[in-house]
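Taking UniProt numbering, I'd label the letters of the sequence shown as residues 1 to 146. Note that CB positions come from ideal geometry on N, CA and C, so glycine has one too. Only one structure is covered here, and it is reproduced in the block below.
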Amino acid sequence: MGEPQESDGGAALMRVSDTERQETAERLKLAHDQGRLSLTEYDQRLRDAYAATVRRDLDVLTADLPAVRRSELPTVQAEAAEVEKTEAKREYLKEWRSWAGTAVLLTGIWLVTAVASGGLPFFWPIFPIGIWGAVLLAQLFWGDDE
1 MGEPQESDGG AALMRVSDTE RQETAERLKL AHDQGRLSLT EYDQRLRDAY
51 AATVRRDLDV LTADLPAVRR SELPTVQAEA AEVEKTEAKR EYLKEWRSWA
101 GTAVLLTGIW LVTAVASGGL PFFWPIFPIG IWGAVLLAQL FWGDDE
């Protein structure tokens, strides 16, 4: 008696995922690019799409638009992969900058001790600099598991 009834409206009340919101946003972008939606309409519907909580909220936004095959939708995943690749490259270069800064610091310490002792001691910074550099080069050629 107090249990929810299964009906055609059951699917419309199903909560939506971020992927479904993104697909609807892609569909709205395609409609805007084709001239089916004005910029104002597109902006409002896009906001509503990201605020949607149930399937019915998304269905209302695309009810007056023609059906679109999934293959026609712009691929946001490709854009996300490109952003991720750029971010990974930025992180890798950041590691090299850290390596270079440490190399300068250690070489500076070695140089100060060389001047203070009046001779040229063994160049010990080669070990931390060399090992760290080898690890960074290995990441370049064999990648990172992250």
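Taking C-alpha atoms, which residue in the options lies nearest to residue i?
{"i": "A49", "options": "L58, Y42, E41", "result": "L58"}
{"i": "A12", "options": "T24, T53, L111, D18", "result": "T53"}
{"i": "I129", "options": "A63, E41, H32, W96", "result": "W96"}
Alpha carbon to alpha carbon, what distance is there between residue j and residue i?
{"i": "R56", "j": "R15", "result": "9 angstroms"}
{"i": "F141", "j": "A134", "result": "11 angstroms"}
{"i": "A138", "j": "I131", "result": "11 angstroms"}
{"i": "T102", "j": "A81", "result": "32 angstroms"}
{"i": "L93", "j": "G108", "result": "23 angstroms"}
{"i": "L61", "j": "S98", "result": "49 angstroms"}
{"i": "S17", "j": "T24", "result": "11 angstroms"}
Buried or exposed for residue i, going by 16 or more other Cβ atoms inside 10 Å?
{"i": "R45", "result": "buried"}
{"i": "R47", "result": "exposed"}
{"i": "L37", "result": "buried"}
Is the separation between the beta-carbon of residue i and that of residue j shorter than 8 angstroms?
{"i": "V68", "j": "L30", "result": "yes"}
{"i": "A114", "j": "P125", "result": "no"}
{"i": "F123", "j": "W110", "result": "yes"}
inquiry  = Which complete alpha helix (DSSP H) runs does the region 23-108 hold, if anything under 4 residues is left out?
reply    = If only complete runs of 4 or more residues are kept, the region 23-108 shows the alpha helix (DSSP H) at 39-51, 55-62, in order along the chain.
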